[in-house]
Structure formats: C-alpha cells, structure tokens
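For any residue, its number in the numbering used here is found by taking its place in the sequence shown, counting from 1, and adding 661. C-beta atoms are modelled at their ideal positions from N, C-alpha and C, and glycine is treated no differently. See below for the structure under consideration.
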Amino acid sequence: MALVHTAYHPLRYHRALNSDAYDLHVRAASLFEEFRRSVETNCIDEAVHLDREALGLHPPGHPKRDVSLNRLAIRLSVRYKQLGRMSDIVEAIMLDRKALSLRPHGHPDRSTSLNNLAVDLSM
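Structure representation (structure tokens):
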C-alpha cells in the first residue's frame, strides 16, 4: 500500500470553518515554509490559494490591502523562481505595483514594496 502525504487536507477543511484573513495568512505562511523545506509544489500552490482568499477579504479601501497584495506577490515570485511559470512573475509585478501605490512616500513599508518590485522586474 502506498502512503499518501495528506498533511494539507485538514487546512483545506479548516479554511471552510474560519475565513479570517489573518488566519488564512498564517496557514499560507506555514505552507510556504513547508515548501521551502520540501519543495513540494502542492504546498506553494495551496499557499498562493490561501493568500488569494485573504486578499479577497481585503477589498480596495481596506487598510490591510497593501499587506495582502505584498504577501501574494512574494508567494508568486517564489513559485516563479521554482517552477518558471511566466504568469506568476507577471502577476507578482502587477501586485507589487498595486501594493506600492498604497504605500505613499513616508509609509514605513514603502521601501519594502520598492525592493520587491525591483527584484521581480529583474527576473
């Protein structure tokens, strides 16, 4: 009998029970770290999916939208580096630009957005 790695299914079930954006981000971050350790593509794919859900809970005008845009852009950029999906880096750059537009001069995270955009544009 073959063993099937199912550690991520409880997260999918739990997502239906609690759709809080922070909870989604925490679970996405956990999967992202698992991906970095194992390079399991299902981990990064699920992390991207969860961050998309979190972004959906931060619509335009929400004070945390820039954070959700930034997190999703990072996941997509890493997935591009690992898997070479051009659509990932194109979307990451678009999200980087949106996050930057929400972080005007003087914003404490503006330099982070500028750096992320520069890195993604250089790929």
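- Between Arg732 and Ala753, the C-beta gap is not smaller than 9 Å, which leaves the two residues out of contact.
- Short of 8 Å from the beta carbon of Asp781, and not among the five residues preceding or following it, lie these beta carbons of its own chain, in chain order: Ala734, Ser738, Ile750, Ala753, Ile754, Asp757.
- Annotation for Leu730: the continuous alpha helix (DSSP H) segment containing it runs 726-744.
- A check of alpha carbon separations from His710 across Met784, Leu685, Arg764, Ser774 identifies Leu685 as the nearest.
- Around the beta carbon of Tyr741, 16 or more other beta carbons sit within 10 angstroms, so the residue counts as buried.
- At the C-beta level, Ala760 and Leu730 come within 9 Å of one another.
- The three-state reading of DSSP puts Asp770 in coil, since its state is none of H, G, I, E or B.
- Contact between Cys704 and Leu718 is ruled out by a C-beta separation of about 22 Å, above the 8 Å threshold.
- Nearest Cα to Leu778 within the set His766, Ser762, Thr702: Ser762.
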